[in-house]
Amino acid sequence: MEELKSLGMGWQRDLKDGRDFGPGHIAVRELMERLGGHRSKLRRLPASIDLREYLPSPGDQGSLNSSTAFAVLALVAYFDARTTGCVLDASQLFLYQMALKVLRLTGNASVDLRTTFKALVRFGAPPETYWPYCVDRLALDPTDAFLFSFSREYQTIRYLRLEGAGGEETLRQVKSFLAAGFVVAFGFPAPSSLTAEADIGYRPSFDSIRGGQAVLAVGYDDSRRIASDRGALLFRGSWGTQWGEQGYGWLPYSYVTNQFAVDFWTALRPDWAESGFLNRPASNNFD
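Here you go:
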């Protein structure tokens, strides 16, 4: 438990915004139509999905509240690796600082996922080697024009919100996207009972909140049991490989159905949609 005291967090819940794109929004519908497969409202989802093989080992955010930058760049890295075979190693620190800039915040502040996606599309993210991740570098302002010259490849990304009328519907939508080959960034309140174990229990009556954490859903398992809960999302964290299952953890479906885990986002880019490696999710929320 001692080693968990210095864990960074960093997720701030999104405010509602009617301008958010959903899967059926005109700005993304054409991209969705390019995906392989055929949508079916009746198709049964697999009992489990695991997309970890397309991602490198999880990084460690240290004491910075930069989890949204780690989650968003891991999402992009997954799609690049899955659809083009390219290995993305972009600067999490740069993206975190740009998200802070968009919100006009300074210091080690928390940010939301929407703003982090917005900052990525606007400013991009240079390779890690040009702006390496170091806690002490947070106070440095990345002003070199060269660091912003990598923005073009991110400008055509469309990030879309997955949100149903309630927690059960949101869970179904998230699972349908995972089963279609998408990964999904989201946030949840990390409980005070958090340990180094991969399974995070759902105990709202007993736990206080340690902080908000953004992670990347990379799968699910309907038969996974965590205490009395059955079914869990598999997520990629940013607390290093010493935490959980080599950096991955499990969050009970209860977090989603009871709307403790919220702000589910995924993304599309034309080359990802046209790759043939992603399918059309079996969801009826595209219209």
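In the working numbering, the protein residues as written are 1 to 287. Cβ coordinates follow ideal geometry from the N, Cα and C atoms, glycine included. None of the values given here were measured: they were computed from a predicted structure.
Check: Run of the alpha helix (DSSP H) containing W272, from where it starts to where it stops; Outcome: P270 to A273
Check: Extent of the continuous beta strand (DSSP E) to which D222 belongs; Outcome: I209 to I226
Check: Per DSSP, cross-strand counterpart(s) of F186; Outcome: V215
Check: G212 vs M9 beta-carbon contact at 8 Å; Outcome: yes
Check: Counted within 10 angstroms of its Cβ, other Cβ atoms place A27 as buried (16 or more) or exposed; Outcome: exposed
Check: Residue nearest to G166 in terms of C-alpha spacing, selected from P23, G59, G36 and V262; Outcome: V262
Check: Coil, strand or helix - A198 by DSSP; Outcome: coil
Check: Which residues DSSP lists as bridging W250, in chain order; Outcome: D199 and L234
Check: Boundaries of the alpha helix (DSSP H) in which R114 is found, first to last residue; Outcome: L113 to F123
Check: CB of A217 within 8 Å of CB of V183, strictly; Outcome: yes
Check: Cβ-heavy atom distance, T115 to the ligand HEM, below 7 Å; Outcome: Of the ligands one can find in the structure shown there are none, so the ligand HEM has no counterpart to examine.
Check: A261 (DSSP reduced to helix, strand or coil); Outcome: coil
Check: Coarse secondary structure for D20, derived from DSSP in three states; Outcome: coil
Check: DSSP-derived helix/strand/coil call for I26; Outcome: helix
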